[in-house]
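One structure is given below, encoded as structure tokens.
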Amino acid sequence: MQRRTGGRRRFRFGLSRVDVLVVICLLGLLFAMLMPATRSTRGTARRMECQSNLKNLALATTNYASANGGRLPFLEDGQFSWPVALMPYLDQAALWRTLQADPAVIENEWERSRTPLHLKVLTCPVDVFNAGQHVGLSYVANAGWGRFLADPKTDAIREAHPHSAEVDWDRDGSVSEHERRLTRATGVFWRVHEDGFQLTLDNVAEGDGQGSTILLTENTNARNWLSRETFDIGFVVGLNSTEAACVVGPLTCAKLTPHRHLERCFR
Numbered sequence: 051m052q053r054r055t056g057g058r059r060r061f062r063f064g065l066s067r068v069d070v071l072v073v074i075c076l077l078g079l080l081f082a083m084l085m086p087a088t089r090s091t092r093g094t095a096r097r098m099e100c101q102s103n104l105k106n107l108a109l110a111t112t113n114y115a116s117a118n119g120g121r122l123p124f125l126e127d128g129q130f131s132w133p134v135a136l137m138p139y140l141d142q143a144a145l146w147r148t149l150q151a152d153p154a155v156i157e158n159e160w161e162r163s164r165t166p167l168h169l170k171v172l173t174c175p176v177d178v179f180n181a182g183q184h185v186g187l188s189y190v191a192n193a194g195w196g197r198f199l200a201d202p203k204t205d206a207i208r209e210a211h212p213h214s215a216e217v218d219w220d221r222d223g224s225v226s227e228h229e230r231r232l233t234r235a236t237g238v239f240w241r242v243h244e245d246g247f248q249l250t251l252d253n254v255a256e257g258d259g260q261g262s263t264i265l266l267t268e269n270t271n272a273r274n275w276l277s278r279e280t281f282d283i284g285f286v287v288g289l290n291s292t293e294a295a296c297v298v299g300p301l302t303c304a305k306l307t308p309h310r311h312l313e314r315c316f317r
């Protein structure tokens with residue numbers, strides 16, 4: 051007689067290759083569905099931060115004006131640009147005092163330690179050129195008309211003359227007070243002038259109105275809050291200094307740059 055060996059069958063539990071492939075495909079599909087939502091949320095947060103920075107800069111500007119008899123900051127005052135002027139109103143009073151005592155201290159420290167001085171309120175997180183960079187700046191001030199030369203083939207622009215309100219609109223060889231007022235009405239931030247002019251909030255209110263006047267904006271040309279160059283800290287509508295103005299009846303016309311030459315007239 052044969053003896054039967056008793057016992058239970060053994061079963062192996064596990065995943066087959068097909069099961070693994072199915073799981074991988076499902077995980078990949080889920081990841082692909084979640085990624086756009088994550089990017090969208092991140093992009094929305096960054097845009098909100100950019101807008102929040104602009105609001106804080108606008109608030110600092112109005113606080114500056116309130117503390118200075120309604121006068122707005124200069125584009126640059128001969129030593130520093132408008133962002134430096136706003137620092138006491140951006141919770142950066144200590145940095146402002148340091149700069150006033152020794153303007154070279156920032157660059158000297160940068161050369162020594164290579165640690166960037168970065169103020170988050172002055173940069174937009176999506177600005178790849180300036181976010182996190184040493185003295186980076188993403189925002190520019192409304193600087194009105196400027197006299198610039200533009201290459202019609204490449205659109206490259208360079209400053210033909212120092213940015214100022216000294217524009218001879220009628221080409222009579224001199225700049226009248228009327229012409230100076232006309233130029234100043236096109237912008238908000240101007241350089242120091244010998245006549246001591248400094249735009250006020252009342253000037254803005256009496257003109258286009260505070261709610262209809264651009265104060266600051268994001269700009270990819272912004273570079274450096276220690277700079278005093280017009281394109282680094284301000285935006286302008288370029289008046290091509292190589293084009294002669296024309297006078298037609300009561301209208302004074304001038305050709306403008308950059309990009310396409312436009313015809314704009316002022317009564």
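Take the sequence shown: its letters are residues 51 to 317, numbered as in my numbering. Idealized CB from N, CA, C, for every residue including glycine. As the structure is a prediction and not an experimental result, all values here were calculated from the model.
Item, Value
"Where V134 falls, given that 16 or more other Cβ within 10 Å makes a residue buried", "buried"
"heavy atom of the ligand COA below 7 Å from D258 C-beta", "Of ligands this structure carries none, so the ligand COA is not represented either."
"Beta strand (DSSP E) segment containing L276, residue limits", "That residue, L276, is in no beta strand (DSSP E); it is neither H nor E in DSSP."
"Distance, L187 Cα to V286 Cα", "17 Å"
"Inter-residue Cα distance where the pair is F179 and L172", "13 Å"
"Stretch-stretch touch, CB-based, cutoff 8 Å, three pairs: the region 215-230 with the region 129-143", "no"
"Secondary structure of R67, DSSP reduced to three states", "helix"
"Inter-residue CB distance, L104 and V185 (contact presumed, cutoff 8 Å)", "With 8 Å as the limit, L104 and V185 do not qualify as a contact, their Cβ atoms being about 19 Å apart."
"W132, DSSP secondary structure in three states", "helix"
"Residues near T292 by beta carbon distance below 6 Å, same chain, minus five either side", "Only weak support is given to the placement of T292: the predicted model assigns it a pLDDT of 40, under 50, and the question is left unresolved by the model."
"Reduced DSSP category for T236 - H, G, I as helix; E, B as strand; rest coil", "coil"
"Start-end ranges of the beta strand (DSSP E) lying completely within the region 183-222, minimum 3 residues", "189-200 and 207-209"
"Residue burial classification, S116 (beta-carbon count within 10 angstroms, cutoff 16)", "exposed"
"Under the three-state DSSP convention, the category F179 falls into", "coil"
"Spatial neighbours of R230 in its chain, beta-carbon cut-off 6 Å, leaving aside the 5 residues before and after", "A215"
"Nearest residue (CA-CA) to E384, options P166, L109 and G78", "Only positions 51 to 317 of the chain appear in this structure, which leaves residue 384 out of reach."
"Range covered by the beta strand (DSSP E) that runs through T267", "L266 to E268"
"Cβ neighbour criterion (16 or more within 10 Å) applied to H311", "With a pLDDT of 29 at H311, under the threshold of 50, the predicted position of this residue should be treated as unreliable, though the coordinate-derived value follows. The residue in question, H311, is exposed, as its Cβ has fewer than 16 Cβ neighbours within 10 Å."
"Three-way DSSP call (helix, strand, coil) for G78 in this model", "helix"
"Own chain, CB closer than 6 Å to V176, minus 5 neighbours either side, in chain order", "R96"
"Segment contact flag, the region 112-127 with the region 267-276, C-beta cutoff 8 Å, min 3 pairs", "no"
"Beta-carbon proximity of G284 to A191, cut-off 8 Å", "yes"
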